[in-house]
Structures are given as structure tokens and as C-alpha cells.
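Asks: Below are the C-alpha cells for one structure; questions will follow.
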């Protein structure tokens, strides 16, 4: 499969659950991103990784924990979430960072916290 | 930090008319300004971008202009078609960061 893939596509979890979102890019890119897209704040940057190293954390609560084992894979570990965390979580990748490169987005994971 | 404001939030035009979406940014050192299009139920995709050393860029029916003095940039779509209907996001990259700060989006509807 080409491009940026995300699993699962839909997730419903209770506030006490622990779950993980997975992102994989098949483009040979070096940078990966997590975004939160909700009606109130569309496309809100959460984390940036460049060559597996986290370079940006946009004041994200600790109940969201990212992991980047290599340049092709990115995870977002979720625990004790709140209902307001319900949103579409988008992963993206780009050849480089510094914001000067086109970002390729995955299809997103629609998360519902009950 | 950088703040990007986008207007209007919704825009309806007749097919064949032009559409203009405007964004302002707060960090005068920002140097990269892309525009993304997100069709309903689909992922955002880059449609055009401009760097701070350029004032205008065109790609067929779409163009972007940048006014660094006023700290605003605009997306222009001419001869609109129904398939242009989507949400459009502007964005800006603050200097020397890895961030891309998005505007709040404009829902464009093109009526046949």
C-alpha cells in the first residue's frame, strides 16, 4: 500500500481504557506528525518527529503519548482520555521539517471517547 | 507564538465565478505559506504554496498572493467548478520551527 496509512480507522473507547493509534508511511520521508481535527479547532498540531526524534510538542496533555520507533512508523498511545478528546486524529509525513515540505496526510482515525 | 486567522469561514459562489480566501498571520518571520484542500470525508492535500521571497504564484486556476508588510496572504480560485467545493486551510510556518500552524478553514460551496 502506498502513501500514509492509519489504523484503526474508527475507535470507541471508555475514559479508563488504554489504546494506541498507528501510522505508517511508505514514502521514504523523514518527518512525521500527529494532528487533532475537531469542529472547534481544525488541524491542531500535536507532535512532530524528525528522524525519530521529537522536535515539537504543542503543549499536549500527558494522556497522549507519542512513540516513533523509526522514520516509517508513528504511534499515539492513549490513556484516561476525556470526552472532549473525541476527534479525528490525522497522521502526516514529509520529506523534511522546517515546514517547507509538503505534508502527506493519512485518512485519519475517528476517535470517540465515551 | 504564531497565530493564523482565516476568513471567511464559509463561502458560496456560482459556478464560473471567482473565490477569494484570506489569511493573516502574526509572526513576521514566518517564511512558508501552504494551502490545503480537504474534500468531504477525505484527507487534506496540498494545492499550492508560497515562500516569503515571492509575492505571487499561479497554478492554472488557482493563485496565491503574499503581502509580507501587511502579513496576509490570499488564495484565488478563478472559473470555479463544483469539484472545487471543499474546506480550504491556509497555514504558516514560523521561522526556525518544525511547526505548521493552520487557519480555521473555509468551507467553499460552488453551485452549478
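Residue numbers (this note's numbering), protein chains in the order written: chain A, 1 to 114; chain B, 1001 to 1112.
C-beta: ideal position from N, C-alpha, C; glycine also.
For clarity, every value in this text was computed on a predicted model and none was experimentally measured.
Which residues of the stretch 1079-1095 of chain B have a Cβ closer than 7 Å to any Cβ of chain A? Give them in chain order.
Replies: Going along the stretch 1079-1095 of chain B in chain order, one finds 1089, 1093 with a Cβ nearer than 7 Å to chain A.
Asks: Please classify residue 92/A as buried or exposed, where buried requires at least 16 neighbouring CB atoms within 10 angstroms.
Replies: In the first chain, counting from the first residue as 1, residue 92/A sits at position 92. Looking at its Cβ environment, which holds 16 or more other Cβ atoms inside 10 Å, residue 92/A is buried.
Asks: Along chain A, which residues have their Cβ under 8 Å away from the Cβ of residue 1099/B?
Replies: Here residue 1099/B is taken as the residue at index 99 of the second chain, counted from 1. Residues of chain A passing the Cβ test: 45, 48, 56, 58, 99.
Asks: Can you tell me which of 1060/B, 1073/B, 1065/B, 1066/B puts its alpha carbon nearest to the alpha carbon of residue 1080/B?
Replies: In the second chain, residue 1080/B corresponds to position 80, counting from 1. Comparing Cα positions, the closest option is 1060/B.
Asks: Count Cβ pairs between the stretch 1004-1015 of chain B and the stretch 65-73 of chain A that sit closer than 8 Å; are there 3 or more?
Replies: Contact fails: fewer than three Cβ-Cβ distances are below 8 Å.
Asks: Within the continuous beta strand (DSSP E) that includes residue 75/A, where are the two ends?
Replies: Locating residue 75/A in the first chain gives position 75, counting from the first residue. It spans 73-79 - the beta strand (DSSP E) in which residue 75/A sits, taken as one unbroken run.
Asks: To the nearest angstrom, how far is it from the Cα of residue 83/A to the Cα of residue 1048/B?
Replies: Counted from its first residue, the first chain places residue 83/A at position 83. Counted from its first residue, the second chain places residue 1048/B at position 48. Roughly 35 Å between the two C-alpha positions.
Asks: Residue 107/A CB to nearest chain B CB: under 8 Å?
Replies: Along the first chain, one-based indexing puts residue 107/A at 107. Cβ-Cβ to chain B under 8 Å: yes for residue 107/A.
Asks: Looking at residue 1103/B and residue 1086/B, is the spacing between their C-beta atoms short of 8 Å?
Replies: Mapped onto the second chain, residue 1086/B falls at position 86. Mapped onto the second chain, residue 1103/B falls at position 103. No, these two residues do not count as a Cβ contact at 8 Å.
Asks: Between which residues of its own chain and residue 114/A is the CB-CB distance below 8 Å, once the five residues before and five after are set aside?
Replies: What you label residue 114/A is simply residue 114 of the first chain in a count that begins at 1. The answer, listed in chain order, is 12, 13, 14, 15, 83.
Asks: Please state if the CB of residue 102/A and the CB of residue 1046/B are separated by a distance shorter than 8 Å.
Replies: If you number the second chain from 1, residue 1046/B lands on position 46. If you number the first chain from 1, residue 102/A lands on position 102. It is a contact, given that the beta carbons lie within the stated cut-off.
Asks: In chain B, what lies closer than 8 Å to residue 102/A by C-beta?
Replies: For the purposes of this step, residue 102/A is taken as residue 102 along the first chain, with counting starting at 1. 1034, 1046, 1049, listed in chain order.
Asks: Below 8 Å CB to CB, which residues in the same chain sit around residue 1028/B once its five sequence neighbours on both sides are set aside?
Replies: Along the second chain, one-based indexing puts residue 1028/B at 28. The answer, listed in chain order, is 1068, 1071.
Asks: Quick one: grab the DSSP three-state call for residue 85/A.
Replies: Along the first chain, read from residue 1 onward, the residue named residue 85/A stands at position 85. Residue 85/A falls in the helix class under three-state DSSP.
Asks: Enumerate, from N- to C-terminal direction, the unbroken beta strand (DSSP E) stretches of 3 or more residues contained entirely within the stretch 1085-1110 of chain B.
Replies: Counting whole runs of 3 or more residues, the stretch 1085-1110 of chain B contains the beta strand (DSSP E) stretches 1086-1092.
Asks: Looking at residue 48/A and residue 97/A, is the spacing between their C-beta atoms short of 8 Å?
Replies: As a first step, residue 97/A is located in the first chain; it is residue number 97 there, counting from the start. As a first step, residue 48/A is located in the first chain; it is residue number 48 there, counting from the start. Result yes, Cβ atoms of residue 97/A and residue 48/A sit closer than 8 Å.
Asks: According to the neighbour-count rule (16 or more other Cβ atoms, all chains shown, within 10 Å of its Cβ), is residue 106/A buried or exposed?
Replies: Here residue 106/A refers to the residue found at position 106 of the first chain. Per the 10 Å Cβ criterion, buried.
Asks: Along chain A, in chain order, which residues have C-beta atoms closer than 7 Å to that of residue 1102/B?
Replies: Numbered from its first residue, the second chain carries residue 1102/B at position 102. Ordered by position in chain A, the residues that pass the 7 Å Cβ test against residue 1102/B are 42, 43.
Asks: On a CA-only basis, which of 52/A, 78/A, 21/A is nearest residue 94/A? Give me that one, please.
Replies: Within the first chain, residue 94/A is the residue found at index 94, counting from 1. Nearest of 52/A, 78/A, 21/A to residue 94/A, Cα basis: 52/A.
Asks: Are the C-beta atoms of residue 90/A and some chain B residue less than 8 Å apart?
Replies: Along the first chain, read from residue 1 onward, the residue named residue 90/A stands at position 90. Output row for residue 90/A: interface = yes.
Asks: Around the C-beta of residue 85/A, are 16 or more other C-beta atoms found within 10 angstroms, so that it is buried, or is it exposed?
Replies: If you number the first chain from 1, residue 85/A lands on position 85. Classification for residue 85/A: buried.
Asks: Report yes or no: is there a C-beta of chain A within less than 8 Å of the C-beta of residue 1105/B?
Replies: Counting from 1 along the second chain, the entry for residue 1105/B is found at position 105. Interface residue, yes.
Asks: Once the 5 residues before and after residue 1021/B are set aside, which same chain residues still bring their CB inside 6 Å of it?
Replies: For the purposes of this step, residue 1021/B is identified with residue 21 of the second chain, where counting begins at 1. Cβ within range, chain order: 1075, 1088, 1106.
Asks: Quick check on residue 1061/B - is its C-beta less than 8 Å from some C-beta in chain A?
Replies: The residue given as residue 1061/B occupies position 61 in the second chain. Not closer than 8 Å to any Cβ of chain A, the Cβ of residue 1061/B fails to qualify, so no.
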